[in-house]
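K.L.:
Chains as they are written, first to last, in my numbering: chain A, 27 to 320; chain B, 1033 to 1867. Sharing a structure with you now.
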Amino acid sequence: MIEGLIFDIKRFAVHDGPGIRTTIFFKGCPLSCWWCHNPESRSDKPQRSVKHLSLDGHLFEEEEIAGYNMRVNEVLREVEKDRIFYEESGGGVTLSGGEPLHQPDFCEELLKSLKTNGFHTAIDTSGYAPAEVIGRMIPFTDLFLYDLKLMDDPGHQKYTGVSNEIILDNLRLLVNTGREVIIRFPVIPAITDNPSNIQSIIEFLGSMQECRNAEMQNLNSPAHQLTMATSLRSSPQASPIEIDLLPFHAISKNKYRRFGMEDKLDSEKKVSTERLMELKALFENAGFRIKIGG
Amino acid sequence: MRPFSPRYFPVSDPKYIRKMTDRIRYLREQSLNAVNHITAERALLVTELYKSRMVQEVSIPVLRAMTLEYILKYKHIYINEGELIVGERGPAPKACPTYPEICVHSLEDLDILDSRKKVSFKIDEETKKVYEEKIIPFWNGNSNRDRIMQSMEPEWLDAYKAGVFTEFQEQRAPGHTVAGGKIYQKGMLDLIEEIRDARTKIPDTRCQMPDKNQVSGIRHPASVEIEELTAMEIAANAIILFANRYAEALEEEAMRHEARAMRDEGPETRDEGQISKIENRKSEIKELARICRRVPAHAPETFHEALQHYWFIHLGVITELNPWDSFNPGRLDQNLYPFYKRELEAGTLTRERAKELLQSFWIKFNNHPAPPKVGVTALESNTYTDFTLINLGGVRSDGSDAVNELTFLILDVIEEMRLLQPSSMVQVSRKNPDNLIKRSLQITKTGFGQPSYFNTDAIVQELVRQGKRVEDARNGGASGCVEAGAFGTEAYILSGYFNLAKILELTLHNGFDPLTRKQIGPASGDPASFISFDELMTAYRTQLNHFIGIKIRGNDTIHRIFADHMPAPFLSLIIDDCIANGKDYNAGGARYNTTYIQGVGLGSLTDSLTALKYHVFDQKIISMTGFLDALEQNFRDYDEFRVALIYNTPKYGNDNDYADAQATRVFELFFEAVDGHPTSIGGIHRINMLPTTSHVYFGSVIGALPDGRKARQPLSEGISPVQGADTNGPTAVLKSASKIDHLRTGGTLLNQKFSPEFFDGEEAVEKLTALIRSYFRMNGHHIQFNVVSAATLRDAQKHPEKYRDLIVRVAGYSDYFNDLGEDLQNEIIRRTEHT
């Protein structure tokens, strides 16, 4: 049976989609974002590191291996444990990482099994994968949590290590297929949080919002109205695209050190609440639905 | 009257304070600023009566009723400026009386109470003198506590000293009960009718009055019921007399008001506001006097009367004796709703007035600290809280949704008052709407530990399993911390905490107690000789059954002592079917009689057993002898091993079946040992799982435990995991906790800590609502949330002066953080915080 490389399974995940969820963290990511708070998720091999355990003020070293292979049914056994909480909260399972689409076969297999077993599914993705891979996931994915970082391609290459072309194309594709998509925008002071980037995002998403609205209007054509009586009274507008603002937290310094990786951002800078409120207003004025923290 | 301390007490959020009426703001501040102190008033009156010839002339139930009557006849009548509900147990707010007939405080006790840093009671020189000259000489050696201690078998005393269990009835009377709907529909005169009726039903042959020349105590069994009913009638009249004394005092005050108005400068010099204020208070006082003439003699007719009626009954119960959990108005939203609705429709009451009356009612509870405890009892329940737990929501007796408009009004009151007392909870049934939970969570998230959440559907099943009628079960709820009971029809008496982890220590020492250096348990086998984990569990069971047997025998004796020497005729009026049975509450007169033994340390014990199973028997990493040596050394030179125990051993609270299986195993053993054993007053023993503050005391009597806990550290509380051991988040905790069968208990207690940041998002309340619903679907009994960050608590430890109003969830109740002992403070900080 096919195996996936996983580095963590987190229960009671409340910021990775609707309701109470379990998030499966895939190991391995083609991107290397400066602000990445899971640096151990980049390499697609298990990694040794030394963990420090504290007891009465003394530190004890312990070797830890980040990343373990899991089969689909093993993952299912884990997520099954919290089914009652998903049911009560409208939650489910989120695949995150790392980049879940970087392990496409396992990812597809897992999503398929999750759907067969009646779970709501979400993928938290950078979108950096061949369109064909995304296409394979679409039938089994209820929600895409889709990162949008930098609109300027040279900037994107500098700060994430890859071009954003394929990412933007895939997003268009997803929106056009009518899948539910929530945009996740990491708010990194000066890097992603600068006026021109914000403006570009608003324009880009704005055009997609228009497409969705047009789609909606088609749905409101007389032929549809016969079958969809409720939409007669509702607005012809599609629901606004949701953007989650994910403010940068300097929480991973220690992890970079443990895994012997360079922390390029090396910032302690916090995003102020005032700035988040400004951003929220900015996006809302442009017609989007905003949530802080996802 | 004792002057109030001038110390400033920063309380609550200004946004709530602003909402209050001037009156409520004043009364609330006064209640918060009042210093807890001891008054000898009650002790003196009781002593006077017991010194009189009455003791020789009447039966014990009648003597107890006359004692209540004597106190209520002569105690100081206190009326506070502007108050809408009258009546204090002592001569002033937070003046706490003592109960020397139950437990007489020594001069040393009084000094400790006066000077101890936490939960102190101030005592002035005069009170001490009265104690020294009058109270102590009379009661020393003659209190009920002396009677109990003299009656206990040596094995009981050994176990008690070793900290195997505590004894609830040692310093306080049994109580642990709650008013049902009856008292809101009947006055004392109605109850007197019932008493007379019951008397006529006793066969003539048994209806002779006892011989007056007999010494105290009832010799003729036929007259027991008559004596008890006579005592109840005296007690009913005593509370009417007390209310009438208030009416008189109020009438006098109204006259004084009038006289003052006449005497003062003419009305032309005053503005209209002042005039109407004075006029208002005058008519208010007259109305209060009218109410006191009416209730509790007659059934209440108005909302205001219902509250005052209950309050007199509350005072009757807590003046008669010092019962545990004081007393409790029961399903308040349900009980008051008919009055509220009728008056709102008739236009004689507004929502605002109802709220103000409820707020006045709240302040009354806050004025009444738990009577001061000493010794072990102070350690197991070290708090000013007297555990009145207001019940909201739930179902009606026909099983339908009981939530009404008043439920939400009372939640507003809870939010605005932010008082330590009364405590409050919401009963959540499948039938109740989500908005009940959501509104309540809006209060919980402000971080003062109220209200807590209870599963009505589980409570009903628990009570029905115990053999109660389903209607009685639906009319029930939880009181004290988390104890399930049928309100108005059940005596559900907690008898003491039971140290489940100590039993393991005794098992590992073959019955020898390392603390008292004495063989106190049976020889259950040398643990080094055990070749399987099952053998260890068999030995544990031997020790457990031995000590439960001792505790149950002790309970039987203590129940008889209370039945024979300390009946409670006033409480018996309130709880059905004491009148119909002609039998006292303390003698088994209630419809249902349950005696609980409360298991403590489930998490610590589970993790310890798991560690032994894992390291000694399954992985064979260390021999039993080696493990015992590590414990003996308190892990000195065993640091690495201790790291493995703490970080790399399965732990309860993570939805890990390996560990959780030990929790259910221990639960079953405890259940088997206790459940179903009859009591000496016709009741049945049951279990529940709650600690109050005993997990700290119980930890202090145990050496190092196999879960890596060092000697003398606190145990886990309730059914919560060991502090910090739950690392898989709250859903895993709830899954673990629901693996034990809550429905076969009379209550379990689970606390979860969330950081305030968790509530930042807009959806946190939705998600917690789902969390509660899920836990309750799995038959969880109770859950409560502490919403305060570890950083805040650490800062509060360093700068207590800045956090005088910080209230945290302790166990089944909340308390001021500053009033907690340092060990308990640390324990709360260590509980895992979910972000």
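Cβ coordinates follow ideal geometry from the N, Cα and C atoms, glycine included. The structure presented is a predicted model; accordingly, all values stated were derived computationally and were not measured.
Reducing DSSP to helix, strand and coil, say where THR1159 (chain B) ends up.
P.N.:
If DSSP states are grouped into helix, strand and coil, THR1159 (chain B) belongs with the helices.
K.L.:
Work out the CA separation of ALA1263 (chain B) and GLU1448 (chain B) for me, nearest whole Å.
P.N.:
Cα to Cα, GLU1448 (chain B) sits roughly 41 Å from ALA1263 (chain B).
K.L.:
Residues in the same chain with beta-carbon distance under 7 Å from ASP34 (chain A), minus the five sequence neighbours each way, listed in chain order, please.
P.N.:
Here the set comprises PHE51.
K.L.:
Roughly how many whole angstroms lie between the Cα atoms of LYS290 (chain A) and PRO56 (chain A)?
P.N.:
Taking the straight line from one Cα to the other gives about 17 Å.
K.L.:
What does a CB cutoff of less than 6 Å around GLY1621 (chain B) pick up in its chain, not counting 5 residues either side in sequence?
P.N.:
Taken in chain order, the residues that qualify are SER1604, CYS1610, ASN1613, LYS1615.
K.L.:
Whole angstroms are fine: how far does the CA of TYR1106 (chain B) sit from the CA of LEU1059 (chain B)?
P.N.:
Rounded to the nearest angstrom, the two C-alpha atoms are 25 Å apart.
K.L.:
Count the other C-beta atoms from every protein chain shown that fall within 10 angstroms of the C-beta of MET27 (chain A), then say buried if there are 16 or more, exposed otherwise.
P.N.:
That one is exposed.
K.L.:
If you measure between the beta carbons of ASN1399 (chain B) and GLY1362 (chain B), is that distance less than 8 Å?
P.N.:
It is not a contact, given that the beta carbons lie outside the stated cut-off.
K.L.:
For PRO1355 (chain B), which of helix, strand or coil comes out of DSSP?
P.N.:
In this structure, PRO1355 (chain B) counts as strand in the three-state DSSP scheme.
K.L.:
Would LEU1495 (chain B) and ALA1518 (chain B) be called neighbours here (beta carbons separated by less than 8 Å)?
P.N.:
Taking 8 Å as the Cβ cut-off, LEU1495 (chain B) and ALA1518 (chain B) qualify as a contacting pair.
K.L.:
Which residues, taken in chain order from the stretch 1739-1766 of chain B, show a beta carbon closer than 7 Å to some beta carbon of chain A?
P.N.:
Listed by position along the chain: ASN1760, GLY1761, PRO1762, THR1763, ALA1764.
K.L.:
State the DSSP-derived secondary structure class of MET1569 (chain B), mapped to helix, strand or coil.
P.N.:
Helix, per DSSP.
K.L.:
Where do the ends of the alpha helix (DSSP H) carrying GLY1731 (chain B) lie?
P.N.:
Unbroken alpha helix (DSSP H) run through GLY1731 (chain B): 1726-1732.
K.L.:
Leaving out the 5 sequence neighbours to the left and right, which residues in its chain are closer than 8 Å to ARG1497 (chain B) when beta-carbon positions are compared?
P.N.:
The answer, listed in chain order, is LEU1775, ARG1776.
K.L.:
State yes or no: is the C-beta of PHE1200 (chain B) within less than 8 Å of the C-beta of TRP1356 (chain B)?
P.N.:
Going by C-beta atoms, PHE1200 (chain B) is nearer than 8 Å to TRP1356 (chain B).
K.L.:
Just curious, the beta strand (DSSP E) that VAL1460 (chain B) is in, first and last residue?
P.N.:
Note, VAL1460 (chain B): beta strand (DSSP E), 1455-1460.
K.L.:
Any beta carbon from chain B within less than 8 Å of ASP270 (chain A)'s own beta carbon?
P.N.:
False, the Cβ-Cβ gap to chain B never drops below 8 Å.
K.L.:
Does DSSP put GLU29 (chain A) in a helix, a strand or coil?
P.N.:
Here GLU29 (chain A) sits in strand by DSSP.
K.L.:
Leaving out five residues before and five after PRO1038 (chain B) in sequence, what residues of the same chain have Cβ atoms less than 7 Å from its Cβ?
P.N.:
With a pLDDT of 27 at PRO1038 (chain B), under the threshold of 50, the modelled position of that residue is not reliable, and no figure is offered here.
K.L.:
Within 10 angstroms of the Cβ of ARG1204 (chain B), are there 16 or more other Cβ atoms? Answer buried if so, exposed if not.
P.N.:
Buried, since its Cβ has 16 or more Cβ neighbours within 10 Å.
K.L.:
Is there a Cβ of chain B sitting closer than 8 Å to that of GLY45 (chain A), yes or no?
P.N.:
Closer than 8 Å to some Cβ of chain B, the Cβ of GLY45 (chain A) qualifies, so yes.
K.L.:
Reducing DSSP to helix, strand and coil, say where ASN1625 (chain B) ends up.
P.N.:
Reduced to three states, the DSSP call for ASN1625 (chain B) is strand.
K.L.:
Which value, in whole angstroms, describes the spacing of the CA atoms of LYS281 (chain A) and HIS275 (chain A)?
P.N.:
Taking the straight line joining both Cα atoms gives about 13 Å.
K.L.:
My understanding is that ASP1671 (chain B) touches LEU81 (chain A), with C-beta atoms under 8 Å, so please give their C-beta distance in whole angstroms.
P.N.:
Yes, they are in contact, since the Cβ atoms of ASP1671 (chain B) and LEU81 (chain A) sit about 7 Å apart, within 8 Å.
K.L.:
What residue does the beta strand (DSSP E) around LYS1387 (chain B) start on, and which one ends it?
P.N.:
Segment 1383-1398 is the alpha helix (DSSP H) holding LYS1387 (chain B); no beta strand (DSSP E) there.
K.L.:
Does the separation of the CB atoms of ALA1191 (chain B) and PRO1125 (chain B) fall below 8 Å?
P.N.:
For ALA1191 (chain B) and PRO1125 (chain B), no; Cβs fall outside 8 Å.
K.L.:
Could you check whether the stretch 1622-1629 of chain B touches the stretch 1641-1661 of chain B, counting it as contact only if at least three pairs of C-beta atoms, one from each stretch, sit closer than 8 Å?
P.N.:
No, because fewer than three Cβ pairs between the stretch 1622-1629 of chain B and the stretch 1641-1661 of chain B fall closer than 8 Å, the two stretches do not touch.
K.L.:
In three-state terms, what does DSSP make of LYS1233 (chain B)?
P.N.:
LYS1233 (chain B): coil per DSSP, three-state reduction.
K.L.:
Could you check the C-alpha separation between HIS1341 (chain B) and ILE1134 (chain B) for me, to the nearest Å?
P.N.:
Taking the straight line from one Cα to the other gives about 27 Å.
K.L.:
According to the neighbour-count rule (16 or more other Cβ atoms, all chains shown, within 10 Å of its Cβ), is ILE1653 (chain B) buried or exposed?
P.N.:
Exposed: under 16 other Cβ atoms inside 10 Å.
K.L.:
Between the Cα of PRO1559 (chain B) and the Cα atoms of B:LEU1538, B:LYS1550, B:THR1548, which residue gives the shortest distance?
P.N.:
Per the Cα distances, B:LEU1538.
K.L.:
What whole-angstrom Cβ distance do TYR1163 (chain B) and ALA1072 (chain B) have, given they're in contact under 8 Å?
P.N.:
Confirmed, Cβ separation roughly 6 Å.
K.L.:
Would ILE1395 (chain B) and SER1063 (chain B) be called neighbours here (beta carbons separated by less than 8 Å)?
P.N.:
Yes.
K.L.:
Taking the straight line between their C-alpha atoms, what separation do you get for ARG1549 (chain B) and HIS1541 (chain B)?
P.N.:
For ARG1549 (chain B) and HIS1541 (chain B), the distance between alpha carbons rounds to 11 Å.
K.L.:
Out of A:HIS41, A:LEU302, A:ASN64, A:ASP70, point me to the one whose CA is closest to ARG284 (chain A)'s CA.
P.N.:
Closest option to ARG284 (chain A), Cα to Cα, is A:ASN64.
K.L.:
Taking only three categories from DSSP, how would you classify ASN190 (chain A)?
P.N.:
The answer is coil: DSSP assigns ASN190 (chain A) none of H, G, I, E or B.
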